[in-house]
Structures are given as structure tokens and as C-alpha cells.
Amino acid sequence: MNEQSRKALYDTALEWTYESGKHIREKMENTYNVDIKAHQHDLVTDVDRSVEQFFRDRVKKSFPAHRIMGEEGLGENVEDLKGTVWIIDPIDGTVNFVHQGCYFAVSVGIFHNGEPVAGIVYDVMADEMFSALAGKGLWLNGKPLPQLADTSIDEALLSFNNGWMMKDRRLEELVRQSRGIRSYGAAALEMAYVACGRIEAYISFNLAPWDVAGGYVLITEAGGTVTNYTGEPLTFLKKDTLLAANASVYHTITDLLEQAGNETR
Ligand code: 2AM
Ligand code: CA
81 MNEQSRKALY DTALEWTYES GKHIREKMEN TYNVDIKAHQ HDLVTDVDRS VEQFFRDRVK
141 KSFPAHRIMG EEGLGENVED LKGTVWIIDP IDGTVNFVHQ GCYFAVSVGI FHNGEPVAGI
201 VYDVMADEMF SALAGKGLWL NGKPLPQLAD TSIDEALLSF NNGWMMKDRR LEELVRQSRG
261 IRSYGAAALE MAYVACGRIE AYISFNLAPW DVAGGYVLIT EAGGTVTNYT GEPLTFLKKD
321 TLLAANASVY HTITDLLEQA GNETR
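Right, dumping it as C-alpha cells:
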């Protein structure tokens, strides 16, 4: 894919994401159905489904050869990243959407033969559009964002769900050493915050490709590091853990976790 086609694809994805945000705000003025999926933490609404359908219709019409992987699974089953693949979460942070009416995002990651092309995370209610075009930089509402600077752990804000501490007590060491812990409940948004330096790291133990694809492009474009919790590259083909951080903080976190592991052995 040449540079011009990549830029055109990025511009189109941005336009459709804005449009989907407008659609979500309109839908929020009326009632919508909420269903529980696997368990009480996992919700889906008519709005999630209609936004995914909105992207599917537009991609199929304008780019019939492209494939789509989406949370609501309304289209084909994508099992590899050959060709151009759109990885879409129509609403990331559905629990926030339903309970709070804010702190949710539309997330879009576009890959070509497994390589990132574009990443978009749109905080619909704050009207904050985080976007990255691979190799060309990243922007917040069209304004360029700088590369992430080295930061020490005592000056770093980290984000993870409190529940993860019950799974890995070594995380307590991060609570002790960092400036503070935050938890926003929307992975794509938390990754966008790492990319723009509002927080220095985000950790999760259970995320799907659509939760992380857009944020992955944003963070790598900002010079940050994204792997799973054990340091392996993400495949974007299965659920995985996540450690996404400013590069300097990433290394401090992995060192601290390793040391904490050795001490408890
Ligand atoms: P979602 O709202 O799109 O489902 C909440 O901590 C974050 O984790 C959200 O980004 C949420 O995405 C994601 N998440 C919650 N439960 C999940 C699950 N069972 N599998 C994958 N991701 C999940
Ligand atoms: Ca979702």
C-alpha cells in the first residue's frame, strides 16, 4: 500500500469515526436495549451493534477487499491479518457508557499484512479524537502530539483495574513506587492517555484485539512500548494480557515485577 493510499485510508477512517460519534450521541437521547453477554461485567447495547454495522456497511461499500474484526462479530471471522484488516470496537467501555454516559470510546486500528497503518481512539463525550498514521506521527484533535519523554517511576501515574491486584500481588510494588494509580474502565482510552502522556502505563489481564488495536498504533507512534504482560508481542488474533507504557517506565515496571517475583519466591 503506497503512502497516498495509507493517508486516504486514515482520513476516511477519521471521518467515519467522527460520524459514528455523532450517531452515538443521538442514540443516547433515546432509550436503547442493554443485554448482559458472558457475565455482569460484560454488556452490549443496540448502540454497540449499530455502530459496528455502520462501519461494516461503509467499509464494504468503499473497500470491498478489506476485512473487519469487530467486538460484536457481525461480519466474517478473521483468523489472520493478511491484506487490510480493520479492527473495531464500536464502544470500548460499554459499562461506563451504560452506567455513566461518559468515559467510553470508539476504537479503530487498521493493519495491512500485519503492519499498523492507522490507529484512532475517539472519546465521544469529551470530543477528543486521538489519531495516528503509522510512521507519520499522532495527533489530538488534529494537533500533533510529541514523542514520550523518559519518566521515572516516582513521577509516573499508572492505570490498572483494582481487581488485577487480586491476581498478581506483585502489582502492590507498583502502587508503592509510583506517583499514583488510576482506573478509567476503557482500555482504548487508557492507551490513548499513555500515548499522550496523561498516564505513563496501562496494565490489563484480559483484553481482546478490538480493545487494544487502535491504542497500539497510538502508543507505538509516540515511541512507547506495547506487549502482553509477559513481554511477548501482541498478535491481535486472540485475547491477551497487556502492558502498555512510556518506554522508560515499561522497563522500570518489568524490572520491579521481576524483583518482586524473586523476593516472594
Ligand atoms: P468493552 O467495554 O469494549 O467490553 C474494562 O476494564 C475494559 O476491559 C474495557 O476496555 C472493556 O472493553 C474491557 N473488557 C471488559 N471485560 C472484558 C472481557 N471479558 N474480555 C475482553 N475485554 C474486556
Ligand atoms: Ca466494546
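Residue numbers for the sequence shown, in this note's numbering: 81 to 345.
C-beta atoms are modelled at their ideal positions from N, C-alpha and C, and glycine is treated no differently.
Original post:
If we count the other Cβ atoms within 10 Å of its Cβ and call it buried at 16 or more, is D172 buried or exposed?
Top reply: Label assigned to D172: buried.
Original post:
In whole angstroms, what is the alpha-carbon distance linking P170 and I233?
Top reply: 33 Å
**OP:** Output yes or no for whether 8 Å exceeds the beta carbon distance between V131 and R147.
**Re:** No, the Cβ-Cβ distance between V131 and R147 is not below 8 Å.
Original post:
Using the beta-carbon count (16 or more within 10 Å), is E151 buried or exposed?
Top reply: In this structure E151 is buried. Its beta-carbon is surrounded by 16 or more other beta-carbon atoms within 10 angstroms.
Subject >> Residue from N82, D126, A267, D91 with nearest C-alpha to H103 >> reply: D126
**OP:** Output the boundary residues of the alpha helix (DSSP H) element that contains L89.
**Re:** 83-107
Original post:
Are D128 and T174 close, meaning C-beta to C-beta below 8 Å?
Top reply: Yes; because the gap between Cβ atoms is below 8 Å, this pair is in contact.
Original post:
Under a three-way DSSP split, which group does S130 fall into?
Top reply: If DSSP states are grouped into helix, strand and coil, S130 belongs with the helices.
Original post:
If you draw a straight line from the alpha carbon of R345 to that of V139, how long is it in whole angstroms?
Top reply: Per-residue confidence for R345 stands at a pLDDT of 40, beneath the threshold of 50, marking its modelled position as unreliable; no derived number is given.
Original post:
When DSSP labels each residue in this structure, what does D122 get in the three-state scheme?
Top reply: coil
Original post:
Can we say the segment 219-226 touches the segment 306-316, given the rule of at least three CB pairs closer than 8 Å?
Top reply: no
**OP:** May I have the straight-line CA-CA distance separating D352 from P313, to the nearest angstrom?
**Re:** No information on residue 352 is available, as it lies outside the stretch 81 to 345 that the chain covers here.
Original post:
Within 10 angstroms of its Cβ, does I116 collect 16 or more other Cβ (buried), or is it exposed?
Top reply: exposed
Subject >> Where E208 sits in the DSSP three-state scheme >> reply: Strand, per DSSP.
Original post:
According to DSSP, is T315 helix, strand or coil?
Top reply: DSSP places T315 in coil when its eight states are reduced to three.
Subject >> Beta-carbon proximity of S187 to G295, cut-off 8 Å >> reply: yes
Original post:
How about S130: is its Cβ closer than 7 Å to a heavy atom in ligand 1?
Top reply: Outside the cutoff, so no.
**OP:** Any chance you could list the beta strand (DSSP E) runs of at least 3 consecutive residues sitting entirely within the segment 155-230, in chain order?
**Re:** 164-172, 185-192, 195-203, 208-213, 217-220
Original post:
Does any heavy atom of ligand 1 sit closer than 7 Å to the C-beta of H179?
Top reply: Not one heavy atom of ligand 1 is found less than 7 Å from the C-beta of H179.
Subject >> C-beta atoms of A327 and L228 nearer than 8 Å >> reply: Remark: C-beta atoms of A327 and L228 approach each other more closely than 8 Å.
**OP:** Could you check what DSSP says for Y296 in three-state terms: helix, strand or coil?
**Re:** helix
Original post:
So, are the CB atoms of W96 and F143 less than 8 Å apart?
Top reply: no
Subject >> Beta bridge counterpart(s) of Y282 as assigned by DSSP >> reply: S239, A324
Subject >> Start and end residues, beta strand (DSSP E) containing R256 >> reply: Counting along the chain, R256 falls outside any beta strand (DSSP E), though it belongs to the alpha helix (DSSP H) covering 251-257.
Subject >> The beta strand (DSSP E) enclosing T380, as first and last residue numbers >> reply: Past the boundaries of the shown model lies residue 380; the chain is included only from 81 to 345, so the question cannot be answered.
Subject >> Sequence-distant residues of its chain with Cβ nearer than 6 Å to F177 (five each side left out) >> reply: Scanning its chain for C-beta atoms nearer than 6 Å, with the 5 sequence neighbours on each side dropped, one finds around F177 the residues I171, F184, in chain order.
Original post:
My guess is that Y90 and A198 are in contact by the Cβ rule of under 8 Å, so how many angstroms apart are they, rounded?
Top reply: 4 Å
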